[in-house]
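J.: Taken in sequence, the protein lines are chains A and B.
Position one of the first sequence corresponds to residue 78 (this note's numbering), numbered consecutively onward.
Position one of the second sequence corresponds to residue 22 (this note's numbering), numbered consecutively onward.
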Amino acid sequence: MTASPAAATAPVASEGEARAVLSARGLGRDFAGFVAVNNVDLDVHDGKIHALIGPNGAGKTTVFNLLTKFLTPTAGTIELLGQDITRLPPAKVARMGLVRSFQISATFPHLTVLDNVRVALQRPGGLAVQFWRSLSSLDALTPRAEELLHQVGLDDARDRLAGDLSYGRKRVLEIATTLALDPKVLLLDEPMAGMGHEDVGTVSEIIRTVAKDRAVLMVEHNLTVVADLCDWITVMQRGEILAAGDYDTVSRDERVRIAYMGTEHE
Amino acid sequence: MTDLTLREARGKSSSRLEWMLVALGILALVAAPFFVYPIFLMKMLCFALFACAFNLLLGYTGLLSFGHAAFFGGAAYFTAHSIKVWGWPPEAGILLGVAGAALLGLVIGFFAIRRQGIYFAMITLALSQMFFFFCVQAEFTEGEDGIQGVPRGFLFGLIDLHVPLNIYYVVLAVFLIGVFAIWRIVNSPFGMILRSIRENENRATSLGYSVANYKLAAFVMSAALAGLAGSVKAIVFQFATLTDVAWQMSGEVILMTLLGGIGTMVGPIVGAGLVVALQNMLATSDFPVTIATGLIFMVCVLVFRRGIVGEIYARVFHPAGSSKD
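1) Beta-carbon of PHE141 (chain A) versus every beta-carbon of chain B: anything under 7 Å?
2) Checking contacts by CB at 7 Å: is VAL296 (chain A) closer than that to chain B?
3) Alpha carbons only, please: which of B:GLY282, B:ALA90, B:VAL337 and B:GLN300 is nearest the one belonging to ARG327 (chain B)?
4) What distance in whole Å lies between the Cβ atoms of LEU263 (chain A) and VAL293 (chain A), which are believed to be in contact at a cut-off of 8 Å?
5) TYR230 (chain B) CB to nearest chain A CB: under 7 Å?
6) Assign ASP181 (chain B) to one of three DSSP states: helix, strand, or coil.
7) Contact check, LEU85 (chain B) vs ALA142 (chain B) under 8 Å by CB: the rounded distance?
8) Could you tell me whether the stretch 232-248 of chain A touches the stretch 243-255 of chain B, where touching means 3 or more Cβ pairs closer than 8 Å?
9) If we define contact as Cβ-Cβ less than 7 Å, is ALA270 (chain A) a contact residue for chain B?
10) Are the C-beta atoms of ILE206 (chain B) and some chain A residue less than 7 Å apart?
11) Indicate the three-state DSSP secondary structure (helix, strand or coil) for VAL291 (chain B) in the structure shown.
12) Quick one: give me the first and last residue of the beta strand (DSSP E) that ASN234 (chain B) is part of.
13) In this structure, what does DSSP give as the bridge partners for ARG106 (chain A)?
14) Roughly how many angstroms lie between the CA atoms of ALA197 (chain A) and GLY170 (chain B), to the nearest whole one?
15) In terms of alpha-carbon separation, which member of A:ASP325, A:VAL280 and A:LEU191 lies closest to PRO220 (chain A)?
16) Would LEU249 (chain B) be called buried (16 or more neighbouring beta carbons within 10 Å of its own) or exposed?
17) Buried or exposed: which applies to ILE130 (chain A), given that a residue is buried once 16 or more other Cβ atoms fall within 10 Å of its Cβ?
18) Using 8 Å for Cβ pairs, my map puts CYS67 (chain B) next to ILE203 (chain B). What's the rounded Cβ distance?
19) When the Cα of ILE188 (chain B) is compared with those of B:GLY199, B:ILE134, B:PHE75 and B:PRO54, which residue comes out closest?
20) Buried or exposed for LEU38 (chain B), going by 16 or more other Cβ atoms inside 10 Å?
21) What ranges does the beta strand (DSSP E) occupy inside the stretch 282-339 of chain A, keeping only unbroken runs of at least 3 residues that lie completely in it?
22) For SER182 (chain A), which three-state DSSP category applies?
23) The beta strand (DSSP E) spanning ARG336 (chain B) covers which residue range?
24) Would you decide whether GLU341 (chain A) is buried or exposed? Buried here means 16 or more other CB atoms lie within 10 Å of its CB.
25) Give a yes or no on whether the C-beta atoms belonging to LYS247 (chain A) and SER328 (chain A) are separated by under 7 Å.
26) So which residues on chain B does PRO186 (chain A) lean against when the C-beta distance must stay under 7 Å?
27) Candidates A:ARG315, A:ALA321, A:GLY316 and A:GLN314: which alpha carbon is nearest CYS307 (chain A)'s?
28) Taking only three categories from DSSP, how would you classify THR259 (chain A)?
29) Express the C-alpha separation of ARG336 (chain B) and THR226 (chain B) in angstroms, rounding to a whole number.
30) If the cut is a Cβ gap below 8 Å, which residues of chain B does PRO167 (chain A) touch?
31) Please tell me whether SER209 (chain B) has its Cβ less than 7 Å away from any Cβ of chain A.
32) From VAL157 (chain B) to ARG172 (chain A), what distance separates their C-alpha atoms?
33) Keeping to the same chain, check which residues put their C-beta closer than 7 Å to that of ASN116 (chain A); ignore five residues upstream and five downstream.
34) Straight-line CA distance for PHE325 (chain B) to ALA313 (chain B)?
35) Under the assumption that PRO172 (chain B) contacts LEU215 (chain A) (Cβ atoms under 8 Å), give the Cβ distance between them as a whole number of angstroms.
36) Identify the continuous beta strand (DSSP E) that holds ALA152 (chain A) and give its terminal residues.
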C-alpha cells in the first residue's frame, strides 16, 4: 500500500545501472491492431532470478517470444550482453547465449533422453552438419550429456524415450537440454506448470543452482515458488508493466493485489 | 541394471536380425533377374529409390513435399537429352540429371521451407506444376512425344548397357549406393538434427539451430536422390516423358511411402515394389489401376497407419510394453 506508482517503475531504471545482461526498453508488439505488449522495460541480471508474473493473457509469453526473437517486436529495443539483438533471428540469439524453454514441455519425444541432451551439444565443432559420418562420432559428447543428466537427477532414464517420461521429468529434461548450451541467460516459461509437489521442490533446487552463474527469467504462476526463489518480480497486466520490485514490495502493491493476487496473500 | 542389460541384449539381437534381413534382401535382388523379367525389376528399383529419397524428407525431416515429380521427371529429361542429343556417356548423363534435380530442389526448396504443413506442400505442388508447364512448352523435351529412343550406351566406355543383365546390375548398384547414402544421412550427426527438427521445430531453433538451413539441405539431398532415380529410369526405358513430371507422380510416391511405412528404411522399397507390381498386373486387366491403388491407400490409412513395414517393426522389434513405465 505504501508503494507508489513511481516506486513500482523506478527500480527498473535504477537497477539498470548495475549492468543488466539482458535488457529491453519500450518493448511493444501489436497483432494487426491488437496491442499484446506495450512499452515494457525489463532488466535481467547475472546471478539473479527474475520472475514475470501476471494474470492469463497479460502478455508474459509474448514478452518471452519477443525477447528470444520468436516474434519480432513492433516497438522498442532489446540488448543482450551489450549487443543490440532487436533484429536478429531466434537461432542466432540462442547461439549468443539467450536460451529459452517452452510453456508446453519441449522435448524430442522419439529420441532417447541421452540423445535429447546430445542434440543440444552437437553444434560446436560442426558436428551438426556432418551428414557423411556415423552416429558413433557423437559418442564423444556422451560424458558431458551424462554429467548434465546427473545434475538434474535423470541418470536412470538415460536410455528411455523422452516421450515416455512423466510430465515433471520431461520438464527437468528440458532444463538439462537447455543447460547443455551453457546459456548466459535462461528464460523459463512456466517451468513448474502442472507439476506435483515433490517435482516442484526438485525443479526449484535445480533453478537455484543453475542461477548462481547465470541470469534467469521465469514466467511462473505458483506464487509460493516465486516468493521463495525470485530476487526481482515484474507484474504484467494487459500487456503493460503494472509493478516491479522484490516480493514484499510487489505483494503490498494495492493494484497488484486487485489485479492479480486477490485477497489470498494478505 | 539387469533391465538395462536385457534391453541392450535385445537391441543387439534385433539389430543383428535386421542386418541378416538386409543381407538376404540384397542376395534376393542379385538373384532376381534369373527368375523375373529384368525390366520390371529395374522399374521397381527406380521407384524404390525415388520413394526412399522422398522418405528422407517426409519420414526423417517431417516435410511433406507434393512436388517430387519435378526432380524425378526433370532429371529424366536432363539425362535423356544429354545422352541422345549431346551424345554424352551414361555416367555423365546421370550426373547431369542429379545436378539438375539438386538445383531444382534448391530453387523449389528455397521458397517452400518458408512455410509449414499444408502451405509447404502447396508451394511445392505449385512450383512443380510450373516446371511441368515449362516441360510442356520447352523444345528440348519434345512435348507430348517425350524424348524417345535414348541410346543406353556404354558405362565408363566399358560396360555394354544393352545387355539386360549388365544394365540390371548397374541399376542395382546405383540403387544400393543411393539407399546407403540415405541410410548414412539419416544415421549421421546431421540426421540427428533433422530428426530433432521433425520432433520439435521450435525447440531445435531455441537450441541455436537455423532450422531453415537444415531443411533446405535435406530438401536438396532428397531432390538430388530422386533425380538419381529419374536419371536411371530414363536410361532403362530409353525415354523421358511428361508422365514423370506430372503431379500424379508426386502423389504416387507419397502413396508408395505411406503404404510401406514412413520413417522406415525398408518401407518405401516395399511400398514401391507393391505399387509397381500392382500396376503391372492390372495393366493387362480391365480393372482400372487408379481405383485399385485408391482402395489400397484407404485401407492403409484406416487399418495400418504405420504402413506395412512400420507395423511389422512395431510388433516384432518394439513390441508393446517394452517402453513400460
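For every residue, glycine included, the Cβ atom is placed at its ideal position computed from N, Cα and C.
A quick note: this is a predicted structure, and the numbers were derived from the prediction, not measured.
T.: The answer reads as follows:
1) no
2) At least 7 Å separates the CB of VAL296 (chain A) from every CB of chain B.
3) B:GLY282
4) For a cut-off of 8 Å, the C-beta gap from VAL293 (chain A) to LEU263 (chain A) is around 5 Å, short enough to register as a contact.
5) So yes, TYR230 (chain B) belongs to the interface.
6) strand
7) 5 Å
8) no
9) no
10) yes
11) helix
12) Here ASN234 (chain B) belongs to no beta strand (DSSP E); instead the alpha helix (DSSP H) covers 232-258.
13) A:VAL114
14) 53 Å
15) A:LEU191
16) buried
17) buried
18) Contact flag wrong, Cβ pair sits at about 15 Å.
19) B:PRO54
20) exposed
21) Counting only runs of 3 or more residues that sit fully inside the stretch 282-339 of chain A, the beta strand (DSSP E) segments are 292-296, 309-314 and 317-322, in chain order.
22) Secondary structure of SER182 (chain A) (DSSP, three-state): coil.
23) Element bounds for ARG336 (chain B): not the beta strand (DSSP E) but the alpha helix (DSSP H), 328-337.
24) Bear in mind that the predicted position of GLU341 (chain A) carries a pLDDT of just 49, short of 50, making it too unreliable to give a figure here.
25) no
26) GLU220
27) A:ALA321
28) Reading off the sequence shown, one finds Asp at residue 259 (chain A), where the question assumed Thr. Coil, per DSSP.
29) 34 Å
30) THR226 and SER227
31) yes
32) 47 Å
33) Closer than 7 Å at Cβ, skipping near neighbours: GLY103, GLY105 and GLU317.
34) 17 Å
35) That belief does not hold up - the Cβ atoms of PRO172 (chain B) and LEU215 (chain A) are roughly 47 Å apart, past 8 Å.
36) 152-157
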